[in-house]
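Q: Here our numbering runs 1 ahead of the position in the sequence shown, where the first position is 1.
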Amino acid sequence: KCGLILDNTSFYAEQGGQIYDIGEIKTATGTLRVEDCQVAAGYVLHVGTVKSGSISVGSKCESYVNYGRRALVAKNHTATHLLNYALRDVLKKEVDQKGSLVQAERLRFDFSADRGLKVDEISKVEEVVCKQIDQKYEVFRRPTQIADAKKINGLRAVFGEKYPDPVTVVSVGADVNEILKEPGNEKWQSYSIEFCGGTHVKNIDEIKKFVVIEENSIAAGTRRVVGYTGKNAKTSLEVGMKMEQEAKEFVQLNNLEAIGIAITTIDSKLKNAEADSGVQIPYTVKSRILSYREKLLNSKKKLFKQGDSAAKEASVELAKSLAQEAAEKGAKFVITKLDAGANVSTMNAAIVEFQRIAPGACFLCLSEVKAGGKMAGIAVVPKEFTTKLPANKWLLETLKQCGGKGGGKPNRAQGASKDSTNIDKAVEFGEQMAQGALD
Numbered sequence: 002k003c004g005l006i007l008d009n010t011s012f013y014a015e016q017g018g019q020i021y022d023i024g025e026i027k028t029a030t031g032t033l034r035v036e037d038c039q040v041a042a043g044y045v046l047h048v049g050t051v052k053s054g055s056i057s058v059g060s061k062c063e064s065y066v067n068y069g070r071r072a073l074v075a076k077n078h079t080a081t082h083l084l085n086y087a088l089r090d091v092l093k094k095e096v097d098q099k100g101s102l103v104q105a106e107r108l109r110f111d112f113s114a115d116r117g118l119k120v121d122e123i124s125k126v127e128e129v130v131c132k133q134i135d136q137k138y139e140v141f142r143r144p145t146q147i148a149d150a151k152k153i154n155g156l157r158a159v160f161g162e163k164y165p166d167p168v169t170v171v172s173v174g175a176d177v178n179e180i181l182k183e184p185g186n187e188k189w190q191s192y193s194i195e196f197c198g199g200t201h202v203k204n205i206d207e208i209k210k211f212v213v214i215e216e217n218s219i220a221a222g223t224r225r226v227v228g229y230t231g232k233n234a235k236t237s238l239e240v241g242m243k244m245e246q247e248a249k250e251f252v253q254l255n256n257l258e259a260i261g262i263a264i265t266t267i268d269s270k271l272k273n274a275e276a277d278s279g280v281q282i283p284y285t286v287k288s289r290i291l292s293y294r295e296k297l298l299n300s301k302k303k304l305f306k307q308g309d310s311a312a313k314e315a316s317v318e319l320a321k322s323l324a325q326e327a328a329e330k331g332a333k334f335v336i337t338k339l340d341a342g343a344n345v346s347t348m349n350a351a352i353v354e355f356q357r358i359a360p361g362a363c364f365l366c367l368s369e370v371k372a373g374g375k376m377a378g379i380a381v382v383p384k385e386f387t388t389k390l391p392a393n394k395w396l397l398e399t400l401k402q403c404g405g406k407g408g409g410k411p412n413r414a415q416g417a418s419k420d421s422t423n424i425d426k427a428v429e430f431g432e433q434m435a436q437g438a439l440d
C-alpha cells in the first residue's frame with residue numbers, strides 16, 4: 002500500500018458520511034489503483050496499490066475516478082436527504098441527524114428518537130420518499146455564506162457539526178437562489194434543504210425507487226434506518242413480494258406436518274434471502290411475512306388439541322419450533338402455553354426437545370386441562386442465568402398470577418394451579434419478569 006498527494010484532485014475523500022471514491026491515477030511511468038481516499042492533515046490522500054511500473058514525486062498524472070460507482074453513491078446520498086425530510090414529515094416532530102453512511106450498495110441514516118418506528122410509519126416514510134422521486138425534482142446546490150444559509154426556514158444540518166464558510170446548500174426541488182430571496186418563507190418547510198458537500202444526482206428521478214430494509218436501535222435515544230435505492234430497491238421488492246405470496250398461500254394449510262414444513266421454509270428463506278439474491282427484503286414486506294408465520298403457528302397450536310398422542314407430538318413440535326427460533330435470534334428466554342392438558346410427561350418431553358436445540362435459553366411452559374381448569378407449569382434455566390433468573394422464583398411468581406404454587410431449584414422448577422383463568426396474564430407476567438431480569 003502507498004499514498005499519493007496531488008496538487009489538485011477529482012477524487013472524493015471520505016467525509017460527511019459519504020464513502021470515498023476509487024479509481025486509478027496514471028503517470029508516464031506507472032499506475033496506482035486507488036482503493037481508498039481520505040483527508041489527512043488538510044490534504045487528500047489517495048491510498049492504493051501500484052498496479053504497474055513506478056511513481057515518483059513530481060510526476061505529471063491523470064486521474065480516472067470510477068464514476069459508475071460514484072453515480073450509485075450519489076443516488077444513495079440524495080436519498081438520505083429525502084429520508085431525513087420524510088422522517089420529519091411522518092413523525093411530525095424534529096428529527097436530529099446523528100450520523101450517516103452512504104455507500105454504493107446501500108444507505109444508512111441515524112436519527113434521534115425516543116422509540117422505534119412502527120411498521121405503518123416505515124411504510125409512510127417510503128411513500129413520502131417515493132412520491133418525491135415521482136415528482137422528478139431537480140437538485141440545486143450553491144455555496145452560501147453560513148450566516149445567510151442559517152436563516153433558511155426548514156434547513157437541516159447535523160447537530161454539533163462544524164461547517165465551512167461559505168457552506169454548500171443542497172436543495173431538492175427548490176432553487177437555492179430563490180430560497181435566499183425570502184429565506185424565512187414557510188413554504189421551504191416542504192422541501193429537503195441541507196448543508197452538504199457530498200455528491201448528488203442532478204434530478205431525483207435517477208434514484209428510481211427507495212425501500213427501507215432495516216430499522217433498529219443503536220443507542221439510547223438513537224435509531225438507525227438502512228435502505229436501498231435504484232436496482233437494489235427493485236430487486237429487494239421483487240424477491241420480497243414473491244416470498245410474501247408463498248407465505249400467504251401457506252396459511253391455507255390444515256395439516257400439522259405440512260404446516261411445520263411451511264414454517265421451516267419461511268424461516269429458511271428469510272434467513273438466506275440476502276445470500277440467495279444479493280439483497281435483503283423490505284422491512285415492511287418481512288413484517289407481513291412474519292404475520293403469516295404467526296398465523297401458521299396459531300394453526301399449529303389448534304391442531305395440537307387432537308388427542309393426547311397428538312398433543313404430545315404437537316407440544317414437542319412447538320417446543321422445537323420455538324427453540325429453533327430462539328437459537329437463531331439468540332433469545333435469552335421463551336415462555337409459552339402448551340396444549341398438553343397439564344400432562345407433566347408431555348411437558349417434560351417438550352422441555353427435553355427445547356433444551357436439545359436451544360440449551361442456552363431459559364424456558365417456561367404452562368398447560369391447562371381446560372379453560373379455567375387445573376394448570377401445570379415447568380421452568381428450566383441454564384446455569385449462567387440462574388443467579389439473575391432462578392427457575393424456582395420465576396415459576397412461583399408466574400403461577401401466583403393464577404393463585405398457584407411452585408418449587409424446585411434455580412435450574413429447574415415445577416408447580417401447579419387449580420384455576421387457569423388468568424393463564425394469559427401469567428404468561429405476560431413471566432415474560433416481563435424474564436425481560437427485566439435478563440436485560
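Backbone N, C-alpha and C fix where the C-beta goes; we use that ideal spot for every residue, glycine too.
Between S60, A75 and N204, which has its C-alpha nearest N67's C-alpha?
A: Here residue 67 is taken as the residue at index 66 of the sequence shown, counted from 1. Among S60, A75 and N204, the Cα nearest to that of N67 is on A75.
Q: Buried or exposed: Q19, going by 16 or more other Cβ atoms within 10 Å of its Cβ?
A: The residue labelled residue 19 in the question sits at position 18 within the sequence shown. With 16 or more other Cβ atoms within 10 Å, it is buried.
Q: What does a CB cutoff of less than 7 Å around S237 pick up in its chain, not counting 5 residues either side in sequence?
A: Stepping through the sequence shown from its first residue, residue 237 is reached at position 236. Here the set comprises V212, I214, Y229, V280, Q281, I282 and P283.
Q: Can you give the beta carbon distance from V335 to L323, rounded, assuming they're within the 8 Å contact cut?
A: For this step, residue 335 is matched to residue 334 along the sequence shown. For this step, residue 323 is matched to residue 322 along the sequence shown. Contact flag correct, Cβ pair sits at about 5 Å.
Q: Threshold first: 4 residues or longer. Then list the alpha helix (DSSP H) segments lying entirely within the segment 330-404, N to C.
A: 345-358 and 392-401
Q: Where does N1 fall in DSSP's three states?
A: Nothing about residue 1 can be reported from this structure: the residues present for the chain run from 2 to 440 only.
Q: Taking contact to mean at least 3 C-beta pairs separated by less than 8 Å, is the segment 73-88 in contact with the segment 185-202?
A: The segment 73-88 is in contact with the segment 185-202.
Q: Which residue marks the beginning of the beta strand (DSSP E) containing I214, and which one marks its end?
A: As a first step, residue 214 must be located in the sequence shown, where it is residue number 213. F211 to A220 is the extent of the beta strand (DSSP E) around I214.
Q: List the endpoints of the continuous alpha helix (DSSP H) containing T285.
A: Residue mapping note: residue 285 aligns to position 284 of the sequence shown, counting from 1. Here the alpha helix (DSSP H) through T285 covers Y284 to L304.
Q: Could you spell out where the alpha helix (DSSP H) holding I180 opens and where it closes?
A: For the purposes of this step, residue 180 is taken as residue 179 along the sequence shown, with counting starting at 1. I180 -> alpha helix (DSSP H) spans V177 to K182.
Q: If you draw a straight line from the C-alpha of Q1 to the C-alpha of Q104, how long is it?
A: No answer is possible for residue 1: it lies beyond the span of the chain, which begins at 2 and ends at 440.
Q: For my contact list, K152 and G185 are in at a C-beta cut-off of 8 Å; report their separation, rounded to the angstrom.
A: Along the sequence shown, one-based indexing puts residue 152 at 151. Along the sequence shown, one-based indexing puts residue 185 at 184. About 7 Å separates the two Cβ atoms, so the contact holds.
Q: So what's V317 in DSSP terms, helix, strand or just coil?
A: If you number the sequence shown from 1, residue 317 lands on position 316. Here V317 sits in helix by DSSP.
Q: Which word fits T50, buried or exposed, when buried means at least 16 other C-beta atoms lie within 10 angstroms of its C-beta?
A: Your numbering for residue 50 matches position 49 in the sequence shown. So T50 counts as exposed.
Q: Evaluate the contact criterion for the segment 50-60 versus the segment 25-37: three or more CB pairs, one atom per stretch, below 8 Å.
A: yes
Q: Which residue spans inside the segment 43-111 form an unbroken alpha helix (DSSP H) run of at least 4?
A: Fully enclosed alpha helix (DSSP H) runs of 4 or longer: 68-92.
Q: Could you check the C-alpha separation between A259 and L46 for me, to the nearest Å?
A: As a working note, residue 259 is residue 258 in the sequence shown. As a working note, residue 46 is residue 45 in the sequence shown. Near 59 Å, if we compare the C-alpha coordinates of L46 and A259.
Q: Roughly how many angstroms separate the alpha carbons of E247 and S292, rounded to a whole number?
A: The sequence position of residue 247 within the sequence shown is 246, counting from 1. The sequence position of residue 292 within the sequence shown is 291, counting from 1. The alpha-carbon atoms of E247 and S292 are separated by roughly 13 Å.
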